[in-house]
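Enquirer: The sequence shown maps to residues 9 to 517 in the numbering used here. From the three backbone atoms N, C-alpha and C, an ideal C-beta is built for every residue, glycine too. On a predicted model such as this, the values are computed, not experimentally measured, just so you know.
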Amino acid sequence: MMINRSVLMLAFIASAITANSQTKKKPVNSRPNVIYICADDLGYGDLSCYGATKINTPNVDKLAASGIRFTNGHCTSATCTPSRYAFMTGKYPWRKQGTGILPGDAALIIPTDKATLPNIFKRAGYKTAIVGKWHLGLGEAVAKDWNGEVKPGPNEVGFDYSFIFPATADRVPTVFLENHKVVALDSNDPIAVDYTKKVGNDPTGREHPELLKLQSSPGQGHDQTIVNGIGRIGYMTGGKMARWVDEEVSSTFLAKAEGFIEDHQKQPFFLYLALTEPHVPRMPATRFKGKSGLGLRGDVILQLDWTIGEIRKQLKLHNMDKNTIVIFTSDNGPVLDDGYQDEAVTKLNGHTPAGPMRGGKYSALEGGTRIPFIVSWPGNIKPGVSDALVSQIDMLASFSSFLKQSIPADNSIDSENMMNTFLGKSNKGRSVYIEQGGALAIVKDGWKFITPGKGAAFDKLVGIETGNSPEPQLYRLKDDIGEKHNLATQYPEKVKELAELLNTIKQKK
Ligand code: NG6
Ligand code: CA
Numbered sequence: 009m010m011i012n013r014s015v016l017m018l019a020f021i022a023s024a025i026t027a028n029s030q031t032k033k034k035p036v037n038s039r040p041n042v043i044y045i046c047a048d049d050l051g052y053g054d055l056s057c058y059g060a061t062k063i064n065t066p067n068v069d070k071l072a073a074s075g076i077r078f079t080n081g082h083c084t085s086a087t088c089t090p091s092r093y094a095f096m097t098g099k100y101p102w103r104k105q106g107t108g109i110l111p112g113d114a115a116l117i118i119p120t121d122k123a124t125l126p127n128i129f130k131r132a133g134y135k136t137a138i139v140g141k142w143h144l145g146l147g148e149a150v151a152k153d154w155n156g157e158v159k160p161g162p163n164e165v166g167f168d169y170s171f172i173f174p175a176t177a178d179r180v181p182t183v184f185l186e187n188h189k190v191v192a193l194d195s196n197d198p199i200a201v202d203y204t205k206k207v208g209n210d211p212t213g214r215e216h217p218e219l220l221k222l223q224s225s226p227g228q229g230h231d232q233t234i235v236n237g238i239g240r241i242g243y244m245t246g247g248k249m250a251r252w253v254d255e256e257v258s259s260t261f262l263a264k265a266e267g268f269i270e271d272h273q274k275q276p277f278f279l280y281l282a283l284t285e286p287h288v289p290r291m292p293a294t295r296f297k298g299k300s301g302l303g304l305r306g307d308v309i310l311q312l313d314w315t316i317g318e319i320r321k322q323l324k325l326h327n328m329d330k331n332t333i334v335i336f337t338s339d340n341g342p343v344l345d346d347g348y349q350d351e352a353v354t355k356l357n358g359h360t361p362a363g364p365m366r367g368g369k370y371s372a373l374e375g376g377t378r379i380p381f382i383v384s385w386p387g388n389i390k391p392g393v394s395d396a397l398v399s400q401i402d403m404l405a406s407f408s409s410f411l412k413q414s415i416p417a418d419n420s421i422d423s424e425n426m427m428n429t430f431l432g433k434s435n436k437g438r439s440v441y442i443e444q445g446g447a448l449a450i451v452k453d454g455w456k457f458i459t460p461g462k463g464a465a466f467d468k469l470v471g472i473e474t475g476n477s478p479e480p481q482l483y484r485l486k487d488d489i490g491e492k493h494n495l496a497t498q499y500p501e502k503v504k505e506l507a508e509l510l511n512t513i514k515q516k517k
C-alpha cells in the first residue's frame, strides 16, 4: 500500500513537471544568447578556415564549420575606433567628426541618448556585457580623474556590466576598468595620464631602451611610459598595483567572459567579447610564446584560437550551445609591424595575413575591411559558406528586427536588416557598401570605386599599400579580389555612377 502510494505520488510529480515545462515552453529559440567576439587587427588570411596554411586555428575552424563562414564580410573601417563606432551605433563613422583612432584619455564618442546595439538587447530584456578592448573614449572630457568613477562609458551606452581596458594594449593607462572603476587601484598611489607631456618619474622607452623586453620600431613612437618592459603611447604615473601584465590580459578577459556566461545561464544575454589579439604589443601567456614559429604575432593568434575553444567548451558544458548565437569577426585588417620589433615581419614564413587581398590595416584596399566573419548557431543555422556582402554595421538593424525592437530613423540610414542572411536563410547581401581606409571606397554589384586623393600609395612604416592614388580606381571585385586591374579608364561611366552614388549617400541625414 505504502509502495503504491509513493509510486502514485512520483507519477503525479513527474506529470506535473512535464505539464509545467510544457506550459512554460517558449517558442523554440526565440531569444537566444548572442556572443559577439571581435578580434583586434586579425586579417582575412590569418585563420586556417580562411585558407591560412602556415598557422592552424582548429577552434575557430570548428566554429566556422558549425555555422556560416562569410567570404565577403566587412567592418566599416580599416582601424579600430571607427569600426567599433559603426558596430555600436549602426552608422558610418565618417559622418561624425572625431571618430578616428582615439588616444587613451579621449572622452566618450558614443551618444548616451541614442539607440545602440547593447541598448536594443537591453530593451528586449537581455542582460548585456562588454569584456575586452573598448577604444571608444571614457568620461566627458580628456581631463578626467582616473581614481574616481570614470564615466560615462560602456555602462552608459547600454552595457549592464563592463570589464574593459580603455583604448589599445599599446596605450596608457594600462589598467582594467570594471563598471567605472580602475581594478586594484591603491588610493595611496593615484593614477595620472597625459598624452602631451611626461607625468611622474616612470622611465620612458625613449630614455631607457635598455629596460625594454620588446623594442619599439624606429619612427613609430611607442617609446613613452614603460609598463611591463614595453614602451607605450602616452605617459602615465601611479597605479603600480593596478597595471596589467600583458601576458595575463587575454586570460583575464576570458575569465571575466566565462564568469558572465556562467552567471547568466537562465536569462538571455548579449556579450561583446572584444579580444586584444593580435594587436600590438603582442605578448601572449608564456606557454604560447614560440609555439607558432611565426613570431609573437602567430603566437597570439594561437592564444586567440585557444580562447575561442574555451568559450565553446563552456557553452557545451552548460548546454547553452544550441541557444547561443556566436559571431566571430575582426575590427580591421592585418598589420605586421605596427610599432614593435616582434619578429612578425622576419618570421612571416610566407604567411599571408590578408589572404588573397591587397592592403591591410589603414588601407582602402580590400585587405583593410574584408575580415573574417562567422555566424554560428548550432541546430538553427545550416552550416555553409556565403559570399553575400555583409557588414558589422548591420548588426543594429538586424538584431532590432530579430528582437522586434524599433529603432529611430536616425539609426537606420546606414544599418540594414540582414538577419536572414546572417542566419543563412538568404544569400542576399548588401547592394551598396562604403569602405573606409584613408580614402573612402564604394562597392556596388561587385564593382569597387576608390576615391582619388592625396597621400602616399605605400605606408613605409607599416609596410602596407594604402589604396591612395591621385587617379580614380575601379576594380571588378567579382573577378579581381586582389584589385590588380584598375578599370577606371575603360569604364568612365561606371566611375561617374559610383562617384555620384557615394556623394548621395554622404549627403544623407
Ligand atoms: C596607430 C599606432 C598603432 C596602433 C593604432 C591603433 C603609431 C605610430 N601607431 O596610431 O600602433 O596603436 O594606432 O590601432 O602610433 S587600432 O587597431 O586600435 O586602430
Ligand atoms: Ca584594430
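Less than 7 Å between the beta carbons of S85 and Q349, yes or no?
Expert: Walking along the sequence shown from the start, residue 85 turns up at place 77. Walking along the sequence shown from the start, residue 349 turns up at place 341. Contact: no.
Enquirer: Closest to A175 by CA distance: which of S477, H287 and T245 is it?
Expert: Counted from its first residue, the sequence shown places residue 175 at position 167. Comparing Cα-Cα distances from A175 to each of S477, H287 and T245, the minimum goes to H287.
Enquirer: Taking 6 Å as the cut-off, is the C-beta of N340 nearer than that to any heavy atom in ligand 2?
Expert: Residue 340 sits at position 332 when you count from the first residue of the sequence shown. Because some heavy atom of ligand 2 lies under 6 Å away, the Cβ of N340 counts as near it: yes.
Enquirer: Rounded to a whole number of angstroms, what is the C-alpha to C-alpha distance between T377 and G454?
Expert: Residue 377 sits at position 369 when you count from the first residue of the sequence shown. Residue 454 sits at position 446 when you count from the first residue of the sequence shown. The straight-line gap from Cα to Cα measures roughly 15 Å.
Enquirer: Would you mind stating whether G358 and K62 have Cβ atoms separated by less than 7 Å?
Expert: Start at 1 with the first residue of the sequence shown, and residue 358 comes out as number 350. Start at 1 with the first residue of the sequence shown, and residue 62 comes out as number 54. Closer than 7 Å, so yes.
Enquirer: Around ligand 1, which residues pass a check of Cβ closer than 7 Å to any of its heavy atoms?
Expert: Qualifying residues, in the order they occur: D48, D49, T87, C88, T89, I109, H143, T176, D178, R179, Q228, G229, H230, I241, H287, V288, D339, N340, D346, G347, K369 and L469.
Enquirer: What span of residues does the beta strand (DSSP E) with N41 cover, start to end?
Expert: As a position in the sequence shown, residue 41 is number 33, starting the count at 1. Its beta strand (DSSP E) spans residues N41 to A47.
Enquirer: Ignore the nearest five residues each way along the sequence and tell me which others in G53's own chain have a CB closer than 7 Å to its CB.
Expert: Locating residue 53 in the sequence shown gives position 45, where the first residue counts as 1. Only G59, A60, T360, P361, A362 and G363 meet the Cβ criterion.
Enquirer: Are the CB atoms of D69 and P342 within a distance shorter than 7 Å?
Expert: As a first step, residue 342 is located in the sequence shown; it is residue number 334 there, counting from the start. As a first step, residue 69 is located in the sequence shown; it is residue number 61 there, counting from the start. Cβ distance not < 7 Å, so P342 and D69 don't count as in contact.
Enquirer: Which whole-angstrom value is the C-beta distance of F167 and F184, which I expect to be below 8 Å?
Expert: Residue mapping note: residue 167 aligns to position 159 of the sequence shown, counting from 1. Residue mapping note: residue 184 aligns to position 176 of the sequence shown, counting from 1. Actually they are not in contact, since the Cβ atoms of F167 and F184 sit about 15 Å apart, beyond 8 Å.
Enquirer: If I follow the unbroken alpha helix (DSSP H) through F410, where does it start and stop?
Expert: The sequence position of residue 410 within the sequence shown is 402, counting from 1. Where F410 is concerned, the enclosing alpha helix (DSSP H) stretches over M403 to F410.
Enquirer: Measure the Cβ-Cβ separation of E157 and H188 and say whether it is below 7 Å.
Expert: Counting from 1 along the sequence shown, the entry for residue 157 is found at position 149. Counting from 1 along the sequence shown, the entry for residue 188 is found at position 180. The answer is yes: Cβ separation under 7 Å.
Enquirer: Can you find at least 3 beta carbon pairs, one from the region 232 to 244 and one from the region 275 to 285, that sit closer than 8 Å?
Expert: No, the region 232 to 244 is not in contact with the region 275 to 285.
Enquirer: Please list, in chain order, all residues of the same chain as D329 whose beta carbon is under 8 Å from its beta carbon, the five residues on each side excluded.
Expert: Counted from its first residue, the sequence shown places residue 329 at position 321. Only R320, L323 and P386 meet the Cβ criterion.
Enquirer: In the DSSP assignment, the beta strand (DSSP E) including W455 goes from what residue to what residue?
Expert: The sequence position of residue 455 within the sequence shown is 447, counting from 1. Where W455 is concerned, the enclosing beta strand (DSSP E) stretches over W455 to I458.
Enquirer: Between the region 384 to 403 and the region 75 to 92, do at least 3 Cβ pairs fall closer than 8 Å?
Expert: Touching, yes, given that three or more Cβ pairs across the two stretches are closer than 8 Å.
Enquirer: Determine the contact status of L279 and I43, defining contact as a CB-CB distance below 7 Å.
Expert: The count along the sequence shown starts at 1 and reaches residue 279 at position 271. The count along the sequence shown starts at 1 and reaches residue 43 at position 35. Going by C-beta atoms, L279 is nearer than 7 Å to I43.
Enquirer: Could you tell me whether the Cβ of G213 comes closer than 7 Å to any Cβ of chain D?
Expert: The structure shown contains no chain D; it holds only a single protein chain.
Enquirer: Look at the alpha carbon of S29 and the alpha carbon of I389, and state the distance between them as a whole number of angstroms.
Expert: Here residue 29 refers to the residue found at position 21 when the sequence shown is read from its first residue. Here residue 389 refers to the residue found at position 381 when the sequence shown is read from its first residue. Low local confidence applies: a pLDDT of 45 at S29 is under 50, so the model's placement there is unreliable, with the coordinate-based value given in what follows. Taking the straight line joining both Cα atoms gives about 25 Å.
Enquirer: Given that a residue counts as buried once 16 or more other Cβ atoms are within 10 Å of its Cβ, and exposed if not, what is K516?
Expert: Your numbering for residue 516 matches position 508 in the sequence shown. With fewer than 16 other Cβ atoms within 10 Å, it is exposed.
Enquirer: Rounding to the nearest angstrom, what Cα-Cα distance links P40 and S408 in this structure?
Expert: Stepping through the sequence shown from its first residue, residue 40 is reached at position 32. Stepping through the sequence shown from its first residue, residue 408 is reached at position 400. The straight-line gap from Cα to Cα measures roughly 14 Å.
Enquirer: Per DSSP, which residues does Q444 bridge with? Please list them.
Expert: Translated into the one-based positions of the sequence shown, residue 444 becomes position 436. Per DSSP, S85 and L448.
Enquirer: Beta-carbon separation of M244 and V308 under 7 Å?
Expert: To locate residue 244, count along the sequence shown from 1; it is residue 236. To locate residue 308, count along the sequence shown from 1; it is residue 300. Going by C-beta atoms, M244 is not nearer than 7 Å to V308.
Enquirer: Considering Cα atoms alone, identify which of G239, N196 and G208 is closest to H216.
Expert: Taking the first residue of the sequence shown as 1, we reach residue 216 at position 208. With distances taken between Cα atoms, H216 lies closest to G239.
Enquirer: Look at the alpha carbon of P126 and the alpha carbon of P500, and state the distance between them as a whole number of angstroms.
Expert: By 1-based counting over the sequence shown, the position of residue 126 is 118. By 1-based counting over the sequence shown, the position of residue 500 is 492. Near 43 Å, if we compare the C-alpha coordinates of P500 and P126.
Enquirer: Taking the Cβ atom as the reference point for each residue, do F457 and V383 lie within a distance shorter than 7 Å?
Expert: Here residue 457 is taken as the residue at index 449 of the sequence shown, counted from 1. Here residue 383 is taken as the residue at index 375 of the sequence shown, counted from 1. Not closer than 7 Å, so no.
Enquirer: Which value, in whole angstroms, describes the spacing of the CA atoms of Q498 and Y483?
Expert: Locating residue 498 in the sequence shown gives position 490, where the first residue counts as 1. Locating residue 483 in the sequence shown gives position 475, where the first residue counts as 1. About 11 Å.
Enquirer: By a C-beta neighbour count over all protein chains shown, 10 Å radius and 16 as the cutoff for buried, is S300 buried or exposed?
Expert: In the sequence shown, counting from the first residue as 1, residue 300 sits at position 292. The residue in question, S300, is buried, as its Cβ has 16 or more Cβ neighbours within 10 Å.
Enquirer: Taking Cβ positions, are A132 and L411 nearer each other than 7 Å?
Expert: Along the sequence shown, one-based indexing puts residue 132 at 124. Along the sequence shown, one-based indexing puts residue 411 at 403. Cβ distance < 7 Å, so A132 and L411 count as in contact.
Enquirer: Taking the alpha-carbon positions, what's the D121 to N163 distance?
Expert: Translated into positions along the sequence shown, residue 121 becomes position 113. Translated into positions along the sequence shown, residue 163 becomes position 155. Taking the straight line from one Cα to the other gives about 12 Å.
Enquirer: Taking all protein chains shown into account, decide if A372 is buried (16 or more other Cβ within 10 angstroms of its Cβ) or exposed.
Expert: Here residue 372 refers to the residue found at position 364 of the sequence shown. With 16 or more Cβ atoms within 10 Å of its Cβ, A372 is classed as buried.
Enquirer: Which residues does DSSP pair with S56 in a beta bridge?
Expert: Translated into positions along the sequence shown, residue 56 becomes position 48. For S56, which the question treats as bridged, DSSP gives no partner whatsoever.
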